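Asker: My questions all concern the structure below.
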Amino acid sequence: MMTGTEYIESLRQLKTEIYAFGEKITNFVDHPLFRPHINAAAVTYDMAHEPEFEDLITVKSHLTGKKISRFTHIHQSSEDLVKKIKMLRMIAQRTGTCFQRCVGFDGLNALYTTTYEMDQALGTNYHTRFVEFLKYVQENDLMSAGSMTDPKGDRGLRPSQQADPDMYVHVVKRTDEGIVIRGAKAHQTGIVNSHYMIIMPTVALGEADRDYAVACAVPVDAPGVFHIFGRQTNDERRLEGEIDTGNARYAVVGGEALTVLEDVFVPWDKVFMCGENQYAGMLVERFACYHRQNYGGCKCGVSDVIIGATTAMAEYNGVAKASHIKDKITEMVHLSETMYCCSIACSAEGGKTPSGAYFVNPLLANVLKQNVTRHIYEICRLAHDIAGGFIATLPSEKDFKDAKTGPYLEKYFRGVSDVPTEYRVRMARLVENMTGGTALAESMHGAGSPQAQRVMIMRQSNMEHKKRLARRLAGIPEQD
Ligand SMILES: Cc1cc2nc3c(=O)[nH]c(=O)nc-3n(C[C@H](O)[C@H](O)[C@H](O)COP(=O)(O)OP(=O)(O)OC[C@H]3O[C@@H](n4cnc5c(N)ncnc54)[C@H](O)[C@@H]3O)c2cc1C
111 MMTGTEYIES
121 LRQLKTEIYA
131 FGEKITNFVD
141 HPLFRPHINA
151 AAVTYDMAHE
161 PEFEDLITVK
171 SHLTGKKISR
181 FTHIHQSSED
191 LVKKIKMLRM
201 IAQRTGTCFQ
211 RCVGFDGLNA
221 LYTTTYEMDQ
231 ALGTNYHTRF
241 VEFLKYVQEN
251 DLMSAGSMTD
261 PKGDRGLRPS
271 QQADPDMYVH
281 VVKRTDEGIV
291 IRGAKAHQTG
301 IVNSHYMIIM
311 PTVALGEADR
321 DYAVACAVPV
331 DAPGVFHIFG
341 RQTNDERRLE
351 GEIDTGNARY
361 AVVGGEALTV
371 LEDVFVPWDK
381 VFMCGENQYA
391 GMLVERFACY
401 HRQNYGGCKC
411 GVSDVIIGAT
421 TAMAEYNGVA
431 KASHIKDKIT
441 EMVHLSETMY
451 CCSIACSAEG
461 GKTPSGAYFV
471 NPLLANVLKQ
481 NVTRHIYEIC
491 RLAHDIAGGF
501 IATLPSEKDF
511 KDAKTGPYLE
521 KYFRGVSDVP
531 TEYRVRMARL
541 VENMTGGTAL
551 AESMHGAGSP
561 QAQRVMIMRQ
571 SNMEHKKRLA
581 RRLAGIPEQD
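Here the sequence shown is numbered in our numbering, starting from 111 and rising by one per residue.
Structure representation (structure tokens):
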């Protein structure tokens, strides 16, 4: 397994084509816009070597028997699913942000289980191919991006009905050697600092959409692949200094990009679905549920930091003993631990799929993610309430260092007399950074918008059973 430093060095070997702020980036590894995201992903590699976390972050491969990173593992029990959540929480507590590696991890598990069932039903050999790829990923401790979301164009139309056929990734050519794909994947977390992208369809597909039923693994630096990096709230502060960024080492959320696939060749040994539209829905659902499972792990770890920062702010402001402050912080803990409970529950209630790999309880995983779309907003609202308005009005780090303005800022931004002004400013910037627009939107749309969960919650709710329970108690006979 790689260390964080080895992982960072491995990125230098790639020819990843990246654009940001209207320019082609030549050395993304050392660029201040990208480096914090790389540092966050590197933590997943470094912590695997810390004895305290060995049991959570490393595991024995069921394929080779070798010790591997859990991020490349296929869940072999519900205990594995629970350990995944504990691992995500621990890492998020250290980074205070998204460390990106879970998306590809979920893509690997979704493909493992789906290709097995597809082969059983259709006589294809995708699972064998996929297992060979998986062994390669495990052996080399690679980071994969989970590439599901297509740009989607007109959301009211199917992929094959779009005015522009490239709005969903599709196969444009099949040869004896492989396939050629075209399109783009949107909102790609951690892709610029990954090794591979795991491409999957984004919706269930009908017969007319067969060319869109494609799953495959593509190196992030393959010919025809390039990435246009997305902006985040206050990202330009990274180019200026340290304090104003809030979390200078690790930044906000994952570092997302629009990844363009301009006629990309994929050899057959890296193709795991090609035209089997009837299995696209299963793949989407498996990935979505595995990914929704995560949010009570990582978001709870991030919330642990927000709650700690908010409590510190209350102390620095001299209001920590006020009863409404204590009550609001209690509420923040309650909201956060509710998300964690849901993650643990959907993992513990997971079950075995025909491939032998374990899958989460889909109803509980969707309930969890629905809670996250609300609880994170409420946690952040309470953090803003307690921290005070200066998180929105603080002058810059440069003004604090300026000979004329610095002494005045030092004097007038002090809270309690025994805490240096700089500590209060640093903590305020951390709260501002962790509770801002980009982080909130990720809680809303990451792993699917709220309505996607409501559709699955209703489908999984077993309403007939609930109606039968009510009829029996009300003394109404069973209907024919
Ligand atoms: C920070 C972040 C990180 C992400 N990381 C990844 C990643 O690593 N990999 C990946 O593949 N994806 C990723 N995503 C994408 C995420 O899964 C999508 O944002 C999500 O599925 C919503 O899709 P969208 O953004 O296109 O929004 P839209 O689909 O445009 O949704 C906007 C609204 O329209 C509604 N809507 C959409 N379609 C319909 C319809 N047909 N009928 C009625 N209502 C509709 C939705 O419910 C929602 O309310 C990430 C997103 C974010 C914000």
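Even glycine gets a Cβ: it sits at the ideal position worked out from N, Cα and C. These numbers come from a predicted model, not from an experiment.
Let me check you understand the geometry: is the CB of H159 closer than 6 Å to at least one non-hydrogen atom of ligand 1?
Answerer: Incorrect: H159 has no Cβ contact closer than 6 Å to ligand 1.
Asker: Can you grab the Cα-Cα spacing for the pair I486 / S559, in whole Å?
Answerer: When rounded, the distance between both Cα atoms is 14 Å.
Asker: Within the present structure, is the beta-carbon of V565 separated from the nearest heavy atom of ligand 1 by less than 6 Å?
Answerer: No, ligand 1 has no heavy atom inside 6 Å of this Cβ.
Asker: Round the Cβ separation of V429 and I435 to the nearest angstrom and send it over; I've been treating them as touching at under 8 Å.
Answerer: V429 to I435, Cβ: 5 Å. Contact.
Asker: Shorter than 6 Å, the distance from the beta carbon of G556 to the closest heavy atom of ligand 1, or not?
Answerer: G556 Cβ: within cutoff of ligand 1.
Asker: Is there at least one non-hydrogen atom of ligand 2 closer than 6 Å to the beta-carbon of G546?
Answerer: Absent from the structure shown: ligand 2. Ligands present: ligand 1.
Asker: Taking 6 Å as the cut-off, is the beta-carbon of E395 closer than that to any non-hydrogen atom of ligand 1?
Answerer: E395 Cβ: outside cutoff for every heavy atom of ligand 1.
Asker: Determine the closest residue to V169 out of L191, R265, R292, with distance taken between C-alpha atoms.
Answerer: V169 has its Cα closest to that of L191, out of L191, R265, R292.
Asker: In angstroms, rounded to a whole number, what distance separates the CA positions of N303 and H147?
Answerer: Going by the C-alpha atoms only, they are around 8 Å apart.
Asker: According to DSSP, simplified to helix, strand and coil, what is E459?
Answerer: Three-state result, E459: coil.
Asker: Is the shortest distance between the beta-carbon of E133 and the beta-carbons of chain B less than 7 Å?
Answerer: Going by chain labels, chain B is absent from the structure shown, which holds only one protein chain.
Asker: Nearest-angstrom Cα distance between R536 and V279?
Answerer: The straight-line gap from Cα to Cα measures roughly 44 Å.
Asker: Between which two residues does the beta strand (DSSP E) harbouring P146 extend?
Answerer: No beta strand (DSSP E) contains P146, which is instead part of the alpha helix (DSSP H) from 145-156.
Asker: For D361, is the beta carbon positioned less than 6 Å from some heavy atom of ligand 1?
Answerer: As written in the sequence, residue 361 is Ala, which differs from the Asp given in the question. For ligand 1, not one heavy atom lies less than 6 Å from the Cβ of A361.
Asker: Please go through the same chain and pick out, in chain order, the residues whose beta-carbon is closer than 8 Å to the beta-carbon of Q272, but skip the five residues on each side of it.
Answerer: Counting only Cβ-Cβ distances below 8 Å, and skipping sequence neighbours, we find G263, D264, Y278.
Asker: Please state the DSSP three-state secondary structure of P560.
Answerer: Three-state DSSP puts P560 in a helix.
Asker: Taking all protein chains shown into account, do 16 or more other C-beta atoms lie within 10 angstroms of the C-beta of R564, making it buried, or fewer, making it exposed?
Answerer: By the 10 Å Cβ count, R564 comes out exposed.
Asker: Can you give me the C-alpha to C-alpha distance between T448 and C212, rounded to a whole angstrom?
Answerer: Distance between the alpha carbons of T448 and C212: 21 Å.
Asker: Could you check whether the Cβ of M258 sits closer than 6 Å to any heavy atom belonging to ligand 1?
Answerer: Result yes, Cβ under 6 Å from ligand 1.
Asker: Got a sec: does ligand 1 put a non-hydrogen atom nearer than 6 Å to the Cβ of H297?
Answerer: Within the cutoff, so yes.
Asker: Return yes when at least one heavy atom of ligand 1 lies under 6 Å from the C-beta of Q561, else no.
Answerer: Yes, Cβ of Q561 sits closer than 6 Å to a heavy atom of ligand 1.
Asker: Three-state secondary structure (DSSP) at K176?
Answerer: Coil.
Asker: Pairing CB atoms from the stretch 328-348 with CB atoms from the stretch 180-198, are three or more of them under 8 Å?
Answerer: Because the criterion of three Cβ pairs below 8 Å is not met, the stretch 328-348 and the stretch 180-198 do not touch.
Asker: Taking L244 as the reference, which of T343, G114, Y400, I308 has the closest Cα?
Answerer: Among T343, G114, Y400, I308, the Cα nearest to that of L244 belongs to I308.
Asker: Nearest by alpha-carbon distance to N427: which of T113, K177, M197, I501 is it?
Answerer: The shortest C-alpha separation from N427 is found at I501.
Asker: For K283, count the other beta carbons within 10 Å of its own beta carbon; 16 or more makes it buried, fewer makes it exposed. Which is it?
Answerer: Exposed, since its Cβ has fewer than 16 Cβ neighbours within 10 Å.
Asker: Nearest to V529 by CA position, among G334, T224, M423, T223, is which residue?
Answerer: That would be M423, whose Cα lies nearest to the Cα of V529.
Asker: What first and last residue would you give for the alpha helix (DSSP H) that runs through F243?
Answerer: Where F243 is concerned, the enclosing alpha helix (DSSP H) stretches over 236-250.
Asker: Among residues of its own chain, excluding the 5 on either side of G351, which ones have a beta-carbon nearer than 6 Å to its beta-carbon?
Answerer: Within the same chain, G351 has close Cβ partners E507.
Asker: Taking 6 Å as the cut-off, is the beta-carbon of R320 closer than that to any non-hydrogen atom of ligand 1?
Answerer: No; taking the cut-off as 6 Å, the Cβ of R320 has no heavy atom of ligand 1 nearer than that.
Asker: Which residues in the same chain as G316 place their Cβ atom closer than 7 Å to its Cβ, once the five residues preceding and following it in sequence are excluded?
Answerer: Counting only Cβ-Cβ distances below 7 Å, and skipping sequence neighbours, we find R268, N387.
Asker: What three-state label does DSSP hand D216 in the structure shown?
Answerer: Looking at D216 - three-state DSSP - the assignment turns out to be helix.
Asker: Looking at S265 and ligand 1, is the gap between the Cβ and the nearest heavy atom below 6 Å?
Answerer: In the sequence under discussion, the amino acid at residue 265 is Arg, which differs from the Ser named in the question. Yes; taking the cut-off as 6 Å, the Cβ of R265 has a heavy atom of ligand 1 nearer than that.
Asker: Closer than 6 Å to a non-hydrogen atom of ligand 1 - does that hold for the CB of A551?
Answerer: A551 Cβ: within cutoff of ligand 1.
Asker: Could you say which of C326, N250, M566 lies nearest to S179 if we only look at CA atoms?
Answerer: For the residues C326, N250, M566, the minimum Cα distance to S179 belongs to N250.
Asker: DSSP on P377, reduced to helix/strand/coil?
Answerer: P377 falls in the strand class under three-state DSSP.
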